[in-house]
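These protein sequence lines map, in sequence, to chains C and P. Going by this note's numbering, the first sequence opens with residue 5, and the numbers climb by one from there. Going by this note's numbering, the second sequence opens with residue 69, and the numbers climb by one from there. Below you'll find the structure, written out as structure tokens, and then a few comments.
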Amino acid sequence: MRTIIAAELRLLTRSWFAVVMAGVLPAAVGLMIVWAEQDTARAGWGGAAGLLLNSLVALTAYASGTTALAARRQQFVLKRLRMSGVADPAILAAMLTPVFLLTLAQAAVLMVFVAAAGHRPANPGLLVVATLGATAAGCALALATAVVTPTPEVAQLTTAPIGLAFLGGALWALQTPPGEVDRAMLAVPGVPVTQIVRSAWDGGGPAGASIVALAVLTVVVLPGAVRLFSWDPRR
Amino acid sequence: MTATVSCRDVGYAYGGYEALDDIHLDVAPGEIVALAGMNGAGKTTLLEIVLGLRKPLTGTVQVLGRDPWRHRRRLARRVGAVFQESGCAPDLTVAETVRMWLRLHRRHGDGAALVAEVDLAHRASVRVRQLSGGERRRLDLAVALTGEPALLVLDEPGSGLDPGARALMWQVLTHRRHAGAAVLVSTHLLDEAATYADRVASVAR
Numbered sequence: 005m006r007t008i009i010a011a012e013l014r015l016l017t018r019s020w021f022a023v024v025m026a027g028v029l030p031a032a033v034g035l036m037i038v039w040a041e042q043d044t045a046r047a048g049w050g051g052a053a054g055l056l057l058n059s060l061v062a063l064t065a066y067a068s069g070t071t072a073l074a075a076r077r078q079q080f081v082l083k084r085l086r087m088s089g090v091a092d093p094a095i096l097a098a099m100l101t102p103v104f105l106l107t108l109a110q111a112a113v114l115m116v117f118v119a120a121a122g123h124r125p126a127n128p129g130l131l132v133v134a135t136l137g138a139t140a141a142g143c144a145l146a147l148a149t150a151v152v153t154p155t156p157e158v159a160q161l162t163t164a165p166i167g168l169a170f171l172g173g174a175l176w177a178l179q180t181p182p183g184e185v186d187r188a189m190l191a192v193p194g195v196p197v198t199q200i201v202r203s204a205w206d207g208g209g210p211a212g213a214s215i216v217a218l219a220v221l222t223v224v225v226l227p228g229a230v231r232l233f234s235w236d237p238r239r
Numbered sequence: 069m070t071a072t073v074s075c076r077d078v079g080y081a082y083g084g085y086e087a088l089d090d091i092h093l094d095v096a097p098g099e100i101v102a103l104a105g106m107n108g109a110g111k112t113t114l115l116e117i118v119l120g121l122r123k124p125l126t127g128t129v130q131v132l133g134r135d136p137w138r139h140r141r142r143l144a145r146r147v148g149a150v151f152q153e154s155g156c157a158p159d160l161t162v163a164e165t166v167r168m169w170l171r172l173h174r175r176h177g178d179g180a181a182l183v184a185e186v187d188l189a190h191r192a193s194v195r196v197r198q199l200s201g202g203e204r205r206r207l208d209l210a211v212a213l214t215g216e217p218a219l220l221v222l223d224e225p226g227s228g229l230d231p232g233a234r235a236l237m238w239q240v241l242t243h244r245r246h247a248g249a250a251v252l253v254s255t256h257l258l259d260e261a262a263t264y265a266d267r268v269a270s271v272a273r
């Protein structure tokens, strides 16, 4: 598995434009949000950080993860890797590891920007939990979406609903006082992510139910997605 | 002598479409068996069943004494495969690709000898996407050899190869056969199959 991860990470660095953009984009977005928040102070620093994390997870872990799996399947790379002796779930995990790590790195850049401009998070540990949980959920949903995504081109369409669920969920949560977010809302991925980040940054507020919601989402989605995943583009 | 590949009464269907029925096939160690048949006859399906990528609907398959569907991971190092499509990551170089597969099979070395064996030494630092179709097929063959294959399964490996490259491919396969490996190869090139293979098996619909 480590060999496949190393190869995938090497492939990621083969496009320097992509690497630069992966670093520049969160920094630029972070600057804009910080500037807007300083000017308007509408969402609070926790809310701004939550919206940013949702954006990263939706674009990098989720959308790029789905596209990467569809592309590797179309290139028959996944089919060949099944002859490597590595277990099927480990191959899929290795394929998603680069976007997982990239999302964490981008999130770190963003959080540093927000923290440098505003005040520091009240509970950094909880912020780490939010980042890891959101990224893991994004990767799990990427795998599930790849099940119904035959080509990388189609990924632009198939990732739209859940991508919107991250971003729309974040906005929904930001318009709802933390204590009034109910369980049904937690089923929308962006809501629990925003709830946890808000709680971590601004202090107080319930986070337990949101952590459970993210964990359940990830654990429920993964086994089915692995079982239903198609390895051959001709099937 | 125990057969390396043993198929008995194997059948397979895609939904309601019957792709294979009542297939019997043995491949002994040190034997090259060519698999012939029309397009759509089910050659690829049969090879994928032998590789453990598909579960036969009927019949039994044994590869090196094991059920390949249940023991594909355990057999991986001893079974080399060349698919119709390359399956090598386009932005890795030839040398990186072979090294990666050596590591996946827990073998040491940089793969230079394997790359040279398929006449790609001069292209070792070139990315896969920049290779010609024939060069990719030769890289596929090198990747198939990165384990210690007691069985080589090749799906139309000669397609896209010029006569010289095909001769090289058969030379490599013959060399492995002499070392005791069994070779199962699907092909439409019946004249070459008659020249190099010990037997030609036919899949008919």
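Every residue, glycine too, gets a C-beta built ideally from N, C-alpha and C.
Practice problem: Compare the C-beta of Ala-11 of chain C against all C-beta atoms of chain D and say whether one is closer than 7 angstroms. | Solution: This model lacks chain D altogether, as its protein chains are C and P.
Exercise. Using a Cβ cut-off of 9 angstroms, pull out every chain C residue sitting near Gly-232 of chain P, in sequence order please.
Key: Here the premise fails: no neighbours, minimum Cβ distance about 26 angstroms.
Quiz prompt | Bridge partners - Gln-130 of chain P, DSSP secondary structure assignment | solution = Answer by DSSP bridge pairing, in chain order: P:Ser-74.
Quiz item: Closest Cβ-Cβ distance between Met-87 of chain C and chain P: below 7 angstroms?
Solution: Met-87 of chain C counts as touching chain P.
Self-check item: Alpha carbon of Leu-82 of chain C to alpha carbon of Arg-124 of chain C, nearest angstrom
Solution: When rounded, the distance between both Cα atoms is 43 angstroms.
Practice problem: Tell me whether Ala-120 of chain C counts as near the ligand GDP, meaning its Cβ is closer than 6 angstroms to at least one heavy atom of that ligand. | Solution: What this structure holds is no ligand at all, so the ligand GDP is not there to describe.
Quiz item: With Lys-111 of chain P and Val-271 of chain P assumed to form a contact (beta carbons below 8 angstroms), what rounded beta-carbon distance in angstroms separates them?
Solution: The Cβ separation is near 5 angstroms, so the contact holds.
Practice problem: Please list the segments of the beta strand (DSSP E) lying wholly inside the stretch 85-146 of chain P, counting only runs of 3 or more residues, in order along the chain. | Solution: Within the stretch 85-146 of chain P, the complete beta strand (DSSP E) segments at least 3 residues long are 85-95, 100-104 and 126-131, listed from N- to C-terminus.
Self-check item: Close beta carbons around Gly-172 of chain C, own chain, < 8 angstroms, minus the five adjacent residues each side
Solution: So the list reads Val-192 and Gly-194, once near-sequence residues are dropped.
Self-check item: Residues that Leu-15 of chain C contacts on chain P, provided the C-beta gap is smaller than 9 angstroms
Solution: By Cβ distance, chain P contributes Ala-157, Pro-158, Asp-159 and Leu-160.
Exercise. Would you mind stating whether Leu-220 of chain P and Val-240 of chain P have Cβ atoms separated by less than 7 angstroms?
Key: The Cβ-Cβ distance between Leu-220 of chain P and Val-240 of chain P does not fall below 7 angstroms.
Quiz item: Taking Cβ-Cβ distances shorter than 9 angstroms, what residues in chain P pair up with Gln-79 of chain C?
Solution: The answer, in chain order, is Glu-153, Ser-154, Gly-155, Cys-156, Ala-157 and Pro-158.
Quiz item: Going by DSSP, which residues form a beta bridge with Thr-161 of chain P?
Solution: Looking at the DSSP assignment, Thr-161 of chain P forms a beta bridge with P:Arg-195.
Exercise. Taking only beta-carbon positions, decide if Thr-7 of chain C is within less than 7 angstroms of chain P.
Key: Against chain P, the CB of Thr-7 of chain C has a partner CB under 7 angstroms away; the residue lies at that interface.
Self-check item: Ala-53 of chain C vs Trp-205 of chain C beta-carbon contact at 7 angstroms
Solution: Closer than 7 angstroms, so yes.
Quiz item: How would you list, in chain order, the residues of chain C whose beta-carbon sits under 8 angstroms from the beta-carbon of His-176 of chain P?
Solution: Those do not exist, as His-176 of chain P stays about 13 angstroms from chain C at its closest Cβ, beyond 8 angstroms.
Practice problem: Can you give me the start and stop residues for the alpha helix (DSSP H) that Leu-241 of chain P sits inside? | Solution: Leu-241 of chain P -> alpha helix (DSSP H) spans 231-246.
Quiz item: Is it the case that the Cβ atoms of Ala-26 of chain C and Leu-106 of chain C are separated by a distance below 7 angstroms?
Solution: Result yes, Cβ atoms of Ala-26 of chain C and Leu-106 of chain C sit closer than 7 angstroms.
Quiz item: So, are the CB atoms of Thr-155 of chain C and Thr-70 of chain C less than 7 angstroms apart?
Solution: Contact flag unset, no.
Quiz prompt | Own chain residues within Cβ distance below 7 angstroms of Leu-209 of chain P, not counting five before or after | solution = Counting only Cβ-Cβ distances below 7 angstroms, and skipping sequence neighbours, we find Val-150, Val-186, Pro-225, Met-237 and Val-240.
Quiz prompt | Beta-bridge pairing of Arg-267 of chain P - partner residues as DSSP gives them | solution = In DSSP, Arg-267 of chain P forms a bridge with P:Val-101.
Quiz item: Is Leu-13 of chain C helix, strand or coil by DSSP?
Solution: Leu-13 of chain C falls in the helix class under three-state DSSP.
Practice problem: Please determine, among P:Asp-223, P:Val-253, P:Pro-217 and P:Glu-260, the residue with the shortest C-alpha to C-alpha distance to Gly-232 of chain P. | Solution: Per the Cα distances, P:Glu-260.
Quiz item: Out of C:Met-87, C:Ala-159 and C:Met-189, which has the shortest C-alpha to C-alpha gap to Met-5 of chain C?
Solution: The residue with the shortest Cα to Cα distance from Met-5 of chain C is C:Met-87.
Exercise. Since I believe Leu-57 of chain C is in contact with Ala-111 of chain C (beta carbons under 8 angstroms), could you give me their beta-carbon distance rounded to a whole number of angstroms?
Key: Rounded to whole angstroms, the Cβ separation of Ala-111 of chain C and Leu-57 of chain C is 6 angstroms, and the two are in contact under 8 angstroms.
Quiz item: Just to confirm, are Leu-93 of chain P and Thr-113 of chain P a CB contact at a threshold of 7 angstroms?
Solution: Contact: no.
Exercise. State the start and end residues of the unbroken beta strand (DSSP E) segment that holds Val-186 of chain P.
Key: Unbroken run through Val-186 of chain P: none, as it is neither H nor E.
Quiz item: For His-173 of chain P, does the count of other Cβ atoms within 10 angstroms reach 16, so buried, or fall short, so exposed?
Solution: By the 10 Å Cβ count, His-173 of chain P comes out buried.
Exercise. Look up Leu-31 of chain P in the DSSP assignment and say whether it is helix, strand or coil.
Key: This structure cannot speak to residue 31 of chain P, because chain P is shown only from 69 to 273.
Practice problem: State the start and end residues of the unbroken alpha helix (DSSP H) segment that holds Ser-254 of chain P. | Solution: Note, Ser-254 of chain P: premise wrong, no alpha helix (DSSP H); beta strand (DSSP E) at 250-254.
Quiz item: Can you name the residues that DSSP bridges to Tyr-80 of chain P?
Solution: Paired residue(s): P:Leu-88.
Quiz item: Excluding sequence positions up to five away, which residues of its chain have a Cβ less than 8 angstroms from the Cβ of Gly-177 of chain P?
Solution: If we look at Gly-177 of chain P and ignore the five residues flanking it on each side, its Cβ neighbours are Leu-170.
Quiz prompt | Paired residues, beta bridge with Val-150 of chain P - DSSP | solution = Under DSSP, the beta-bridge partners assigned to Val-150 of chain P are P:Leu-222.
Quiz prompt | Cα-Cα separation between Val-268 of chain P and Tyr-66 of chain C, rounded to whole angstroms | solution = Distance between the alpha carbons of Val-268 of chain P and Tyr-66 of chain C: 49 angstroms.
Quiz item: Who are the Cβ neighbours of Ala-192 of chain P in its own chain at under 6 angstroms, not counting the five residues just before and after it?
Solution: Here the set comprises Val-162, Ala-163 and Val-183.
Quiz item: Residues of chain C with CB under 7 angstroms from Met-168 of chain P, in chain order?
Solution: Going along chain C in sequence order, the residues near Met-168 of chain P (Cβ under 7 angstroms) are Thr-7 and Ala-11.
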